[in-house]
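**Student:** As you go down the protein sequences, you meet chains A and B in turn.
Numbering (our numbering) for the first sequence: 1 to 228.
Numbering (our numbering) for the second sequence: 229 to 467.
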Amino acid sequence: MLYGYADSILAGALVTIKVGVFSFAVALALGLLVANAKLSKHRWLAWPATAFTSVMRSAPDFVWLLFLYYGGQTALNLLGQRMGFQAIDIDAFAASVIILGVIYSAYLAETFRGAFLAVDKGQAESAQAFGFNRLQVQMHIVVPQMMRFALPGISNNWLVMLKATAITSMVSLNELIFLSRSAGKATGHGLELLIVAALIYLLLSTVSVVALRFIAAHYAAGSKEITL
Amino acid sequence: MNWHVVFDNLALFLWGDGTRTTGLLLTVELFITSLGLGLVMAIPLSLLRVSSNPLLRTPVWLFTYLFRGTPLLVQIYIIYFGLAEISWIRSSWAWTYLREAYICAWLAIGLNTAAYTIEILAGCIQKTFHGEIEAARAMGMSRWTQMRHIILPGAMRRAIPAYSNEVVLTLHCTALASSITLLDLAGVGRSISMRYASPYEAYIAALVLYAVFTGLVFLLFRLAESKWLAYLRPRSTHP
Numbered sequence: 001m002l003y004g005y006a007d008s009i010l011a012g013a014l015v016t017i018k019v020g021v022f023s024f025a026v027a028l029a030l031g032l033l034v035a036n037a038k039l040s041k042h043r044w045l046a047w048p049a050t051a052f053t054s055v056m057r058s059a060p061d062f063v064w065l066l067f068l069y070y071g072g073q074t075a076l077n078l079l080g081q082r083m084g085f086q087a088i089d090i091d092a093f094a095a096s097v098i099i100l101g102v103i104y105s106a107y108l109a110e111t112f113r114g115a116f117l118a119v120d121k122g123q124a125e126s127a128q129a130f131g132f133n134r135l136q137v138q139m140h141i142v143v144p145q146m147m148r149f150a151l152p153g154i155s156n157n158w159l160v161m162l163k164a165t166a167i168t169s170m171v172s173l174n175e176l177i178f179l180s181r182s183a184g185k186a187t188g189h190g191l192e193l194l195i196v197a198a199l200i201y202l203l204l205s206t207v208s209v210v211a212l213r214f215i216a217a218h219y220a221a222g223s224k225e226i227t228l
Numbered sequence: 229m230n231w232h233v234v235f236d237n238l239a240l241f242l243w244g245d246g247t248r249t250t251g252l253l254l255t256v257e258l259f260i261t262s263l264g265l266g267l268v269m270a271i272p273l274s275l276l277r278v279s280s281n282p283l284l285r286t287p288v289w290l291f292t293y294l295f296r297g298t299p300l301l302v303q304i305y306i307i308y309f310g311l312a313e314i315s316w317i318r319s320s321w322a323w324t325y326l327r328e329a330y331i332c333a334w335l336a337i338g339l340n341t342a343a344y345t346i347e348i349l350a351g352c353i354q355k356t357f358h359g360e361i362e363a364a365r366a367m368g369m370s371r372w373t374q375m376r377h378i379i380l381p382g383a384m385r386r387a388i389p390a391y392s393n394e395v396v397l398t399l400h401c402t403a404l405a406s407s408i409t410l411l412d413l414a415g416v417g418r419s420i421s422m423r424y425a426s427p428y429e430a431y432i433a434a435l436v437l438y439a440v441f442t443g444l445v446f447l448l449f450r451l452a453e454s455k456w457l458a459y460l461r462p463r464s465t466h467p
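Written as structure tokens, this is what we have:
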């Protein structure tokens with residue numbers, strides 16, 4: 001099947017899913033941190049966080065990936081020379097996960113920031129009045145309510161990032177696009193193999209949309225949508 | 229860092245080397261022509277997208293579903309590498325165009341942004357306040373007149389904030405044109421960084437130029453919003 005490249009393409013699809021899930025986990029964690037920094041009263045926290053999100057979002061993710069990937073590799077090599085250890089070849093998978101995670105954390109930080117601001121201030125104040133400490137206020141009161149506002153943005157970012165994993169093929173990561181393209185070159189059936197890759201992405205996007213709808217329903221518990 | 233890498237090739241980064249357009253100018257060209265294709269397709273197709281007739285609605289839905297569910301890079305590859313494998317395309321008139329990398333990138337990016345713009349516009353059309361349509365009907369407007377004077381102008385105005393995001397995304401999407409040999413801003417960054425075996429200067433120059441361009445687009449949309457969405461601003465309490 002698939003001119004003998006079925007296994008290879010399946011393996012590529014798995015790498016794509018892994019890169020997507022891992023880098024999204026990095027992006028969520030880092031995005032939450034950056035959003036909190038942006039909302040901080042301390043200017044030395046808020047200002048760098050705002051600068052980070054603006055700078056990241058002002059240029060294409062593809063160019064950032066190339067810059068951070070090759071720049072990071074060169075920096076490591078130079079460091080190796082200075083310190084006298086053997087040059088390390090960075091692992092394309094780990095590097096792609098980290099770089100995509102850092103890029104998309106800037107987009108998620110904007111989503112989280114807006115969602116935090118949408119939670120009624122009185123909620124945190126009354127929790128404090130009940131004797132919750134600051135961490136408890138965040139964990140039990142603010143974050144669960146914030147998630148409802150953040151979910152549309154999170155869903156959107158996930159769908160964008162899932163498709164953005166395709167650009168990691170440009171730093172020779174053996175993911176879906178890279179493998180189907182090389183299979184296409186080897187067999188001369190590039191069109192069919194690319195269409196198979198596209199259909200796998202379509203399946204992943206569709207499954208994501210359905211799953212995200214269930215998650216949104218979970219966080220919407222206790223709220224009602226207004227219909228006119 | 230050795231900034232001569234950038235300054236010696238400044239023309240390549242900005243407009244070209246005399247024989248061909250490269251760098252920022254190629255990015256601008258690709259950006260504007262793709263947006264144009266997207267918008268020209270989106271206005272009529274978004275109307276079909278909200279049609280009550282499934283024969284009109286479903287093909288447009290399928291188009292946006294396919295283009296929004298797959299990565300742009302695959303779309304570019306299918307059009308550039310994939311179509312070249314079909315012999316009847318190679319022997320048809322279309323081949324004179326489809327063998328050009330620029331046309332393929334333009335087609336892929338344009339169709340991609342069309343799909344997203346259709347959904348944005350269709351969403352805004354569906355959210356038209358029904359009182360506006362009732363009033364238009366009471367004035368005796370035909371459906372076509374309603375469409376031209378009431379529904380589309382309102383929907384297009386309300387679409388501006390979401391569309392501004394899509395426009396910036398499209399600008400950033402053009403960077404993928406460098407994957408099929410085009411020397412746009414990202415492509416020049418890649419080729420210069422490879423030629424000098426130094427990843428910093430060339431990529432930083434490309435990143436800065438993209439950032440300036442993005443900022444400019446952003447500014448234009450803020451101006452457009454303050455002009456065309458003025459009627460949606462909260463009324464000032466101190467007139």
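Note that the Cβ used here is the ideal one computed from N, Cα and C, for glycine as well.
These numbers come from a predicted model, not from an experiment.
Using DSSP with H/G/I as helix, E/B as strand and the rest coil, what is D61 (chain A)?
**Tutor:** Sequence index remark: in the first sequence, residue 61 (chain A) carries index 61 (1-based). Note: D61 (chain A) maps to helix in three-state DSSP.
**Student:** Give a yes or no on whether the C-beta atoms belonging to I346 (chain B) and T292 (chain B) are separated by under 8 Å.
**Tutor:** Locating residue 346 (chain B) in the second sequence gives position 118, where the first residue counts as 1. Locating residue 292 (chain B) in the second sequence gives position 64, where the first residue counts as 1. Yes; because the gap between Cβ atoms is below 8 Å, this pair is in contact.
**Student:** I'd like the span of the alpha helix (DSSP H) that includes M146 (chain A), first residue to last.
**Tutor:** Mapped onto the first sequence, residue 146 (chain A) falls at position 146. M146 (chain A) -> alpha helix (DSSP H) spans 143 to 164.
**Student:** Would you verify that the beta carbon of G338 (chain B) is, or is not, closer than 8 Å to some beta carbon of chain A?
**Tutor:** Position 110 of the second sequence, counted from the start, is the residue given in the question as residue 338 (chain B). Not closer than 8 Å to any Cβ of chain A, the Cβ of G338 (chain B) fails to qualify, so no.
**Student:** Specify, as a first and last residue, the run of the alpha helix (DSSP H) that W316 (chain B) falls within.
**Tutor:** The residue given as residue 316 (chain B) occupies position 88 in the second sequence. Where W316 (chain B) is concerned, the enclosing alpha helix (DSSP H) stretches over 315 to 318.
**Student:** Would you report the Cα separation of T442 (chain B) and Y308 (chain B), rounded to the nearest angstrom?
**Tutor:** In the second sequence, residue 442 (chain B) corresponds to position 214, counting from 1. In the second sequence, residue 308 (chain B) corresponds to position 80, counting from 1. One C-alpha to the other measures close to 27 Å.
**Student:** Residues in the same chain with beta-carbon distance under 6 Å from Q374 (chain B), minus the five sequence neighbours each way, listed in chain order, please.
**Tutor:** The count along the second sequence starts at 1 and reaches residue 374 (chain B) at position 146. Result list for Q374 (chain B): A364, in chain order.
**Student:** So, helix, strand or coil for T249 (chain B), using DSSP?
**Tutor:** If you number the second sequence from 1, residue 249 (chain B) lands on position 21. DSSP places T249 (chain B) in strand when its eight states are reduced to three.
**Student:** Would you give the residue range spanned by the alpha helix (DSSP H) that R371 (chain B) belongs to?
**Tutor:** As a working note, residue 371 (chain B) is residue 143 in the second sequence. Per DSSP, R371 (chain B) belongs to the alpha helix (DSSP H) from 371 to 374.
**Student:** In angstroms with no decimal places, state the Cα-to-Cα distance between D412 (chain B) and G251 (chain B).
**Tutor:** Position 184 of the second sequence, counted from the start, is the residue given in the question as residue 412 (chain B). Position 23 of the second sequence, counted from the start, is the residue given in the question as residue 251 (chain B). In a straight line, the C-alpha of D412 (chain B) is about 4 Å away from that of G251 (chain B).
**Student:** Could you pull out every residue in the same chain whose Cβ sits closer than 6 Å to the Cβ of A109 (chain A), ignoring the five residues on either side in sequence?
**Tutor:** To locate residue 109 (chain A), count along the first sequence from 1; it is residue 109. If we look at A109 (chain A) and ignore the five residues flanking it on each side, its Cβ neighbours are G31, V34, A35, T53.
**Student:** Grouping DSSP H, G and I as helix and E and B as strand, with all else coil, what is G131 (chain A)?
**Tutor:** Here residue 131 (chain A) refers to the residue found at position 131 of the first sequence. Residue state, collapsed to three classes: coil.
**Student:** Do you know how far the Cα of V63 (chain A) is from the Cα of Y107 (chain A)?
**Tutor:** Position 107 of the first sequence, counted from the start, is the residue given in the question as residue 107 (chain A). Position 63 of the first sequence, counted from the start, is the residue given in the question as residue 63 (chain A). Rounded to the nearest angstrom, the two C-alpha atoms are 16 Å apart.
**Student:** For chain A, is any of its Cβ atoms less than 8 Å away from the one on L294 (chain B)?
**Tutor:** As a first step, residue 294 (chain B) must be located in the second sequence, where it is residue number 66. At least one chain A Cβ lies under 8 Å of L294 (chain B).
**Student:** Contact between the stretch 334 to 342 of chain B and the stretch 294 to 306 of chain B: three or more CB pairs below 8 Å?
**Tutor:** With the cut-off at 8 Å, the stretch 334 to 342 of chain B and the stretch 294 to 306 of chain B touch.
**Student:** Could you check whether the Cβ of E394 (chain B) sits closer than 8 Å to any Cβ belonging to chain A?
**Tutor:** Taking the second sequence and counting its residues from 1, the one referred to as residue 394 (chain B) is at position 166. No, E394 (chain B) lies away from the interface with chain A (no Cβ there is under 8 Å from its Cβ).
**Student:** Taking all protein chains shown into account, decide if D61 (chain A) is buried (16 or more other Cβ within 10 angstroms of its Cβ) or exposed.
**Tutor:** Within the first sequence, residue 61 (chain A) is the residue found at index 61, counting from 1. Buried.
**Student:** On a Cα-Cα basis, can you pick out the residue from A:S205, A:V210, A:A221, A:A217 that is closest to A13 (chain A)?
**Tutor:** Numbered from its first residue, the first sequence carries residue 13 (chain A) at position 13. The shortest Cα separation from A13 (chain A) among A:S205, A:V210, A:A221, A:A217 belongs to A:S205.
**Student:** Can you list, in chain order, the residues of the stretch 59 to 70 of chain A whose Cβ is nearer than 8 Å to any Cβ on chain E?
**Tutor:** Checking the listed chains, one finds no chain E in this structure; the protein chains it contains are A and B.
**Student:** Assign G188 (chain A) to one of three DSSP states: helix, strand, or coil.
**Tutor:** Start at 1 with the first residue of the first sequence, and residue 188 (chain A) comes out as number 188. Coil at G188 (chain A), not helix or strand.
**Student:** Less than 8 Å separating the beta-carbons of G20 (chain A) and L162 (chain A)?
**Tutor:** Numbered from 1 along the first sequence, position 20 holds the residue referred to as residue 20 (chain A). Numbered from 1 along the first sequence, position 162 holds the residue referred to as residue 162 (chain A). Yes, Cβ-Cβ distance for G20 (chain A) and L162 (chain A) is below 8 Å.
**Student:** Got a sec? Which residues, its chain only, sit under 7 Å from I408 (chain B) by beta carbon, not counting five neighbours each side?
**Tutor:** Translated into positions along the second sequence, residue 408 (chain B) becomes position 180. Same-chain partners within the cutoff: I304, Y308, A329, C332, A333.
**Student:** Can you have a look at V142 (chain A) and say buried or exposed, based on whether 16 or more other CB atoms are within 10 angstroms of its CB?
**Tutor:** Numbered from its first residue, the first sequence carries residue 142 (chain A) at position 142. V142 (chain A) comes out buried.
**Student:** Helix, strand or coil: how does DSSP classify G368 (chain B) here?
**Tutor:** Taking the first residue of the second sequence as 1, we reach residue 368 (chain B) at position 140. It is coil, neither helix nor strand.
**Student:** Do you know how far the Cα of S370 (chain B) is from the Cα of A59 (chain A)?
**Tutor:** Along the first sequence, read from residue 1 onward, the residue named residue 59 (chain A) stands at position 59. Along the second sequence, read from residue 1 onward, the residue named residue 370 (chain B) stands at position 142. Computed Cα separation, rounded: 46 Å.
**Student:** Return the Cβ separation of L39 (chain A) and F116 (chain A) in integer angstroms, given the expectation that the two are a contact with Cβ distance under 8 Å.
**Tutor:** Position 39 of the first sequence, counting from 1, holds the residue named residue 39 (chain A). Position 116 of the first sequence, counting from 1, holds the residue named residue 116 (chain A). Between F116 (chain A) and L39 (chain A) the Cβ distance is about 6 Å, and since that is below 8 Å, they are a contact.
**Student:** I need the DSSP call for D236 (chain B), collapsed to helix, strand or coil.
**Tutor:** Residue 236 (chain B) sits at position 8 when you count from the first residue of the second sequence. In this structure, D236 (chain B) counts as coil in the three-state DSSP scheme.
**Student:** Quick one: which chain B residues come within Cβ less than 9 Å of L14 (chain A)?
**Tutor:** Counted from its first residue, the first sequence places residue 14 (chain A) at position 14. By Cβ distance, chain B contributes nothing, its closest Cβ being about 17 Å from L14 (chain A), past 9 Å.
**Student:** Report buried or exposed for N340 (chain B), applying the criterion of at least 16 other Cβ atoms within 10 angstroms of its Cβ.
**Tutor:** Looking up residue 340 (chain B) in the second sequence gives position 112. That one is buried.
**Student:** Taking 8 Å as the cut-off, does the stretch 420 to 432 of chain B touch the stretch 65 to 80 of chain A (at least 3 CB pairs, one atom from each stretch)?
**Tutor:** At 8 Å Cβ cutoff, the stretches touch.
**Student:** Does E362 (chain B) pass the burial test, meaning 16 or more other C-beta atoms within 10 Å, or should it be called exposed?
**Tutor:** Your numbering for residue 362 (chain B) matches position 134 in the second sequence. E362 (chain B) should be labelled exposed.
**Student:** Quick one: what's got a C-beta closer than 7 Å to L404 (chain B)'s C-beta in the same chain, skipping five residues either side?
**Tutor:** As a position in the second sequence, residue 404 (chain B) is number 176, starting the count at 1. Hits under 7 Å: L300, L301, I304.
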